[in-house]
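Residue numbers (the UniProt record's numbering): 1 to 317. We treat Cβ as the ideally placed atom computed from N, Cα and C, and that holds for glycine.
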């Protein structure tokens, strides 16, 4: 049973909490003040716009506004699920996300492990620097480079032709869209995404490796029994966060890369929302699709976190 505090004890506990809060404020005032712009940013651009979710249940009209538009309930959702594009965009979104998870997620880990084995400090730093550079290239530039390389006379198209491919330019072929999309993502984000794993590797106690050497363990066994277990919590947390974005495929790169010829494999939820929301000005319908997308992401994140907490005792909450 919980012990009931007397009024005097409650007053004393409250006074102590206030004293600790004032003390913490005095000691960390600068840190709290630095957090204010971040809080204001998220409040203005992330929390206030949540009121726009109401548009998903309305036949939204710009003239009438969110609170004046006609309420239609779940009609927008039903319209989406009955649309001929529904399962195509869901399928494409899931396939690109899953392929990205399968191929893009492990590469930064492997790259960080390889860098960790390099003993030449100058070469190691040079390799890291070079690997970071593509991340700072604009998506527009990356797509332009990719388009040049995969056009009819592009390097990659010519290489594919030399290997026996007879389909012509890779850029305009639906079956190549996912490969080009995911491959360019790996190239652009490999170095940047490896930073957190490199930091985690630097935090591993070196005495563990020294003890392993004394026991006769080689580099492979050290990686298998020391490095990977020490990285496991970081990997699991990032994997959970990645699963929480399973339905998110950025519309910017998709729109820059796709065309009507590649819609069959390239059109994803984000690009479809862009077309019906921005180009067709069907705001209520596009909001409903995006809301459905967010709900699925949340459910996947919640389930992935629960499974991780049960199996590995590592979780976000």
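Measure the beta-carbon distance from residue i to residue j and round it to whole angstroms, keeping in mind my assumption that it falls under 8 Å.
{"i": "residue 77", "j": "residue 58", "result": "Not a contact, Cβ separation roughly 12 Å."}
{"i": "residue 372", "j": "residue 276", "result": "Given that the chain is displayed from residue 1 to residue 317, the structure contains no residue 372 and the question cannot be resolved."}
{"i": "residue 108", "j": "residue 190", "result": "6 Å"}
{"i": "residue 316", "j": "residue 246", "result": "With a Cβ gap of about 15 Å, residue 316 and residue 246 do not count as contacting."}
{"i": "residue 256", "j": "residue 141", "result": "Actually they are not in contact, since the Cβ atoms of residue 256 and residue 141 sit about 10 Å apart, beyond 8 Å."}
{"i": "residue 287", "j": "residue 56", "result": "4 Å"}
{"i": "residue 182", "j": "residue 96", "result": "7 Å"}
{"i": "residue 258", "j": "residue 274", "result": "Going by Cβ atoms, the distance from residue 258 to residue 274 rounds to 11 Å, so no, they are not a contact pair."}
{"i": "residue 194", "j": "residue 112", "result": "4 Å"}
{"i": "residue 208", "j": "residue 196", "result": "Contact flag wrong, Cβ pair sits at about 20 Å."}
{"i": "residue 99", "j": "residue 178", "result": "6 Å"}
{"i": "residue 278", "j": "residue 80", "result": "17 Å between Cβ atoms; not a contact."}
By the DSSP assignment, the alpha helix (DSSP H) with residue i in it spans what residues?
{"i": "residue 141", "result": "139-150"}
{"i": "residue 239", "result": "228-243"}
{"i": "residue 216", "result": "From DSSP, residue 216 is part of no alpha helix (DSSP H); its letter is neither H nor E."}
{"i": "residue 195", "result": "195-202"}
{"i": "residue 247", "result": "Run containing residue 247: none; DSSP gives neither H nor E here."}
{"i": "residue 117", "result": "106-117"}
{"i": "residue 100", "result": "86-103"}
{"i": "residue 79", "result": "75-81"}
{"i": "residue 136", "result": "Counting along the chain, residue 136 falls outside any alpha helix (DSSP H), and DSSP gives it neither H nor E."}
{"i": "residue 157", "result": "155-162"}
Considering only residues of the same chain and omitting the five flanking positions on each side of residue i, which have a CB-CB separation below 7 Å?
{"i": "residue 254", "result": "266, 268, 270 and 271"}
{"i": "residue 157", "result": "150, 151, 169 and 170"}
{"i": "residue 200", "result": "231 and 234"}
{"i": "residue 192", "result": "132 and 135"}
{"i": "residue 184", "result": "142 and 146"}
{"i": "residue 291", "result": "53 and 56"}
{"i": "residue 73", "result": "57"}
{"i": "residue 160", "result": "170"}
Might you give, ordered along the chain, the residues of its own chain that have their beta carbon closer than 6 Å to the beta carbon of residue i, omitting 5 neighbours on each side?
{"i": "residue 11", "result": "none"}
{"i": "residue 301", "result": "244"}
{"i": "residue 172", "result": "261"}
{"i": "residue 204", "result": "230"}
{"i": "residue 322", "result": "This structure gives no information on residue 322, because the portion of the chain shown stretches from 1 to 317."}
Give every residue of the same chain whose Cβ lies closer than 8 Å to the Cβ of residue i, excluding the five residues on either side of it in the sequence, and list them in chain order.
{"i": "residue 67", "result": "54"}
{"i": "residue 124", "result": "115 and 118"}
{"i": "residue 297", "result": "244, 245, 246, 247 and 248"}
{"i": "residue 180", "result": "146, 150, 170, 171 and 257"}
{"i": "residue 1", "result": "Only weak support is given to the placement of residue 1: the predicted model assigns it a pLDDT of 48, under 50, and the value that follows is read from those uncertain coordinates. For residue 1, where only same-chain residues beyond five positions count, there are no Cβ hits under 8 Å."}
With DSSP as the reference, please indicate the residues paired to residue i in a beta bridge.
{"i": "residue 70", "result": "59"}
Say yes only if the C-beta of residue i is nearer than 7 Å to one or more non-hydrogen atoms of the ligand SAH, and no if none qualify.
{"i": "residue 260", "result": "This structure simply doesn't include the ligand SAH, nor any ligand for that matter."}
Inside the segment 28-60 only - alpha helix (DSSP H) runs reaching at least 4 residues: 29-42
Whole alpha helix (DSSP H) elements within the segment 267-310, 4-residue minimum: 269-274, all fully within the segment 267-310.
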